[in-house]
Amino acid sequence: MSVPVALQPATVAAKTRPARRITGFMPIIALAVLVAALTVADPGFLTQRSLTAASRTAAPLIVLAAGATLVVLCGGIDLSIAALASLSTVLLALWLPDLGGLATPVVILVATVIGAVQGTAHVLLRIPSFIVTLGGLSILSAVALVVSGAGTVRVVDDSAVQWLDLYVGGYVPMSFAVAVVVVALIALVLKVTPLHSWISATGYSESAARLAGTPVDLVKVGAFCVSGACAGLAAVMLVSRQFSGGPTMADNLLLPAVAAIVVGGTAITGGHGSVWRSLAGALVVTLLRVGLPIVGVPSAYEQILYGVIIVVAVALTLDRSRVSIIK
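At position 295 of the sequence shown the residue is numbered 302 (the working numbering), and the sequence of numbers has no breaks.
Put into structure tokens, the structure is as follows:
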């Protein structure tokens, strides 16, 4: 009787491995299917002009999703990324005339500090990340409105951020290349340092991670710092495209960023996922945004689509063995 009992976990694990491998490739499969569908709907979709426009649109979303993925992997959520990016666009537009090229690193640094403040409040005050960042969303949105005078701040001289409008090899937008480099750098740091195991352990079981000696609080604060820095960089990309900053410029990227993370297969409960998957998820979400008008669906239905995507993706990626009670 003992033999079947001993072999049962191994048998279950063996059965679930192929399913996990298939799930890991789902973002790529969805991306390929979506490209094929859009090409059938519009044969001119696979042109250099269309792909360039789509990649430029995807760049800020990729960066936002990559930073927020680390927070989700830790078992948290950062709802303030879009509001922080909007505030950062205003600050960048205001500071460019005086600081010039230094405005970009200064804005990213300020966004990183704001992320650190939220992370510190989360770990020291023991407030759920959902509440901390929901409050941060409200505060940052209000600050952006006050600082900007509730209006758009025009950029007269955009030479300091004009490099993001260049092309790599004459075809790839610089902003998209920078987004991919950011994802690659985050992935590389996670791979060559203990951070990957620390983040996964924190997201999978925080209490067990603490017992194992994982610096859980530092890991969480660090994840919020990276999320804030990515929001600042996304703001720089938006300003280079819009030639202005606005208190609500990035607000419409919150749901797409969350959708990109869950579509990429990162478990909303933490512990499982990667920034590369979020990149694929961001491309899927971007192509959906681009594809709606192509197939004749009004853009007003975007929010409905994102809501459905988030619910379905979470339902598919949620590890119910770790959640005994659903609230």
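A virtual CB, placed ideally from N, CA and C, is assigned to each residue, including glycine. Just so it is clear, the structure is predicted and the values come from calculations on it, not from any experiment.
| Check | Outcome |
| --- | --- |
| CB of residue 186 within 7 Å of CB of residue 69, strictly | yes |
| Touch test, the stretch 278-288 against the stretch 257-269, Cβ-Cβ under 8 Å, three pairs minimum | yes |
| Alpha helix (DSSP H) segment containing residue 124, residue limits | 110-131 |
| Where the alpha helix (DSSP H) through residue 139 begins and ends | 136-155 |
| Close Cβ partners of residue 35 (< 7 Å) along its chain, the five nearest in sequence each way excluded | 287 |
| Three-state class that DSSP yields for residue 315 in the structure shown | helix |
| Cβ-based neighbour list, residue 94, same chain, cut-off 7 Å, excluding 5 preceding and 5 following | 147, 150, 151 |
| Residue 180 - DSSP class collapsed to helix/strand/coil | strand |
| Integer-rounded CB distance, given that residue 240 should sit under 8 Å from residue 189 | 7 Å |
| Buried or exposed (CB count within 10 angstroms, at least 16 for buried), residue 174 | exposed |
| Nearest-angstrom beta carbon gap, residue 137 and residue 84 [assumed within contact, 8 Å] | 5 Å |
| Helix, strand or coil at residue 288 [DSSP, three-state] | helix |
| Coarse secondary structure for residue 168, derived from DSSP in three states | coil |
| 4-residue-minimum alpha helix (DSSP H) runs that sit fully inside the stretch 242-299, ordered along the chain | 261-270 |
| Reduced DSSP secondary structure (H/G/I, E/B, other) of residue 162 | coil |
| Burial state of residue 121, where buried means 16 or more other Cβ atoms lie within 10 Å | buried |
| Residue 255 versus residue 101 - alpha carbon distance | 15 Å |
| Cutoff 6 Å; reference residue 227; Cβ partners in own chain excluding five residues on either side | 81, 126, 130 |
| Alpha-carbon spacing of residue 319 relative to residue 37, whole angstroms | 14 Å |
| Nonlocal neighbours in the same chain, by C-beta distance under 7 Å from residue 283, ignoring five residues either side | 190, 194 |
| Reference residue 230, options 143, 64, 144, 119, closest by Cα | 119 |
| Distance between beta carbons of residue 264 and residue 71, contact taken as under 8 Å | 5 Å |
| The stretch 164-174 touching the stretch 103-115, judged by at least three CB pairs closer than 8 Å | yes |
| Residue 70 (DSSP reduced to helix, strand or coil) | helix |
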